[in-house]
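Residue numbers (the numbering used here): 4 to 377.
Even glycine gets a Cβ: it sits at the ideal position worked out from N, Cα and C.
Owing to the predicted nature of the structure, the values given are computational and were not obtained by experimental measurement.
Before any comments, here is the structure.
And the structure:
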């Protein structure tokens, strides 16, 4: 369940990257003069991504301490784990430190960006804000210890109006919603909180997702034209379709969720997956019928029921090909930064999955299996 949750979260963070980097109303700003420096920087950073050979080495590690010591020698993680005591650090803290690697890379890219590019990069934190809010809500619902968000604070102080110190320390929903006063999230969550007594964690998470995607889709339709608009619609439309498909799929395969509840979590945006087709998927009585309906949609190919790969991995492969194709259309554009951050997100998922597997002392071949299916 943890791995599935990480997959969903990672996909959601990727959506924010696409939006923040491509929200460019000047269609022709992608030229060598504008992007030369930042693309050169990204290419250099790409050489530090974890390779397949390095994952094979990680799978051989026996303890969490070994895992930290290995990451410590990687340029992209060295400064993060340099002063960490590998024998006493908690798993949750390790995962949070791994996430800061993305923020550090963002900071490096931001330094090389022009003033106009920085405006678009600033939007990067919209989706990340949503995921931090979800983490805080999960803490409240599950009565866990306070989140350790100190490593994220410098970035949030610069790019966000959320007070993450206050939010991370909230122990009740009333306290949490009060801490959101003055932000774009307050009315949304306050209205939901006051609408009924039995609001679940998934209800809050679903509304945050719907809020995010509806805002982005509206911006795409109003702020883009021509080929750029079509690219944005293709990226987000495909991703939203797949997120809806995967949620319905998991609801039927792993949880006992009825159609009425599923509809509450659906993102009300349709691209290749038409509204009528999505309704048939939701109303299907079981997983067999679900797959039959899915086979009649645009997504029948990568949801091949004969594949040995999980559906999540098929989705990643599809998006990976889409990113590659779009990046190849222009030698000098923000799409190259987009693709790097997409791969970095995938790395964070794989590294976090490896950590979890090492904690449970799985065999190396099993660890690699989980990594490659992430």
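Reduced DSSP secondary structure (H/G/I, E/B, other) of residue i
i, result
"residue 288", "coil"
"residue 353", "helix"
"residue 260", "coil"
"residue 147", "coil"
"residue 280", "helix"
"residue 63", "coil"
"residue 166", "coil"
"residue 113", "helix"
"residue 332", "coil"
"residue 131", "helix"
"residue 217", "helix"
"residue 172", "coil"
"residue 27", "Because residue 27 sits at a pLDDT of 47, beneath the cut-off of 50, its placement in the model cannot be relied upon, and the point is left open."
"residue 200", "coil"
"residue 85", "coil"
"residue 207", "helix"
"residue 372", "helix"
"residue 192", "helix"
"residue 274", "coil"
"residue 316", "helix"
"residue 16", "Residue confidence is low: residue 16 scores 49 on pLDDT, short of 50, so the model does not pin down where it sits. Its coordinate-derived value is still stated next. Correct three-state label for residue 16: helix."
"residue 53", "coil"
"residue 308", "Residue confidence for residue 308 is low, a pLDDT of 46 falling below 50, so the modelled location carries little weight and cannot support an answer."
"residue 228", "coil"
"residue 77", "coil"
"residue 240", "helix"
"residue 39", "helix"
"residue 156", "helix"
"residue 365", "coil"
"residue 298", "coil"
"residue 48", "helix"
"residue 33", "Residue placement at residue 33 is flagged as unreliable, the pLDDT there being 44, under the threshold of 50; the coordinate-derived value follows with that caveat. Coil at residue 33, not helix or strand."
"residue 183", "coil"
"residue 97", "helix"
"residue 339", "helix"
"residue 71", "helix"
"residue 377", "coil"
"residue 265", "helix"
"residue 11", "Note that residue 11 has pLDDT 49, beneath the 50 cutoff, so the model's placement of it is unreliable and the number below is only indicative. Correct three-state label for residue 11: helix."
Supposed contact pair residue j and residue i - C-beta distance, whole angstroms, cut 8 angstroms
i, j, result
"residue 83", "residue 103", "6 angstroms"
"residue 296", "residue 265", "That belief does not hold up - the Cβ atoms of residue 296 and residue 265 are roughly 14 angstroms apart, past 8 angstroms."
"residue 173", "residue 202", "About 16 angstroms separates the two Cβ atoms, so there is no contact after all."
"residue 275", "residue 321", "Going by Cβ atoms, the distance from residue 275 to residue 321 rounds to 11 angstroms, so no, they are not a contact pair."
"residue 115", "residue 46", "Actually they do not touch by this definition, with Cβ atoms about 12 angstroms apart."
"residue 252", "residue 293", "6 angstroms"
"residue 54", "residue 343", "15 angstroms between Cβ atoms; not a contact."
"residue 232", "residue 219", "Not a contact, Cβ separation roughly 13 angstroms."
"residue 99", "residue 154", "6 angstroms"
"residue 58", "residue 353", "7 angstroms"
Top-ranked residue by Cα proximity to residue i, from the options
i, options, result
"residue 282", "302, 248 and 42", "248"
"residue 112", "359, 230 and 341", "341"
"residue 272", "68, 51, 243 and 168", "243"
"residue 270", "210, 294, 287 and 227", "210"
"residue 466", "52, 284, 297 and 63", "Only positions 4 to 377 of the chain appear in this structure, which leaves residue 466 out of reach."
"residue 355", "370, 326 and 175", "370"
"residue 156", "131, 261, 57 and 137", "131"
"residue 327", "94, 287, 345 and 121", "345"
"residue 75", "97, 120, 55 and 59", "97"
"residue 246", "196, 299 and 316", "316"
"residue 277", "261, 262 and 301", "301"
"residue 168", "135, 200, 233 and 176", "135"
"residue 39", "120, 85, 137 and 219", "120"
"residue 217", "227, 152, 73 and 239", "239"
Near the ligand FMN: residue i beta-carbon under 6 angstroms from a heavy atom
i, result
"residue 276", "Among the components modelled here there is no ligand, and therefore nothing to report on the ligand FMN."
C-beta contact flag for residue i and residue j at 7 angstroms
i, j, result
"residue 191", "residue 182", "no"
"residue 324", "residue 290", "no"
"residue 68", "residue 90", "yes"
"residue 367", "residue 146", "no"
"residue 140", "residue 207", "yes"
"residue 163", "residue 215", "no"
"residue 360", "residue 373", "yes"
"residue 101", "residue 351", "yes"
"residue 108", "residue 347", "yes"
"residue 180", "residue 193", "yes"
"residue 365", "residue 70", "no"
"residue 196", "residue 176", "yes"
"residue 106", "residue 158", "yes"
"residue 42", "residue 339", "yes"
"residue 234", "residue 329", "yes"
CB contact check: residue i to chain C, cutoff 7 angstroms
i, result
"residue 195", "Of the protein chains in this structure there is only one, and it is not chain C."
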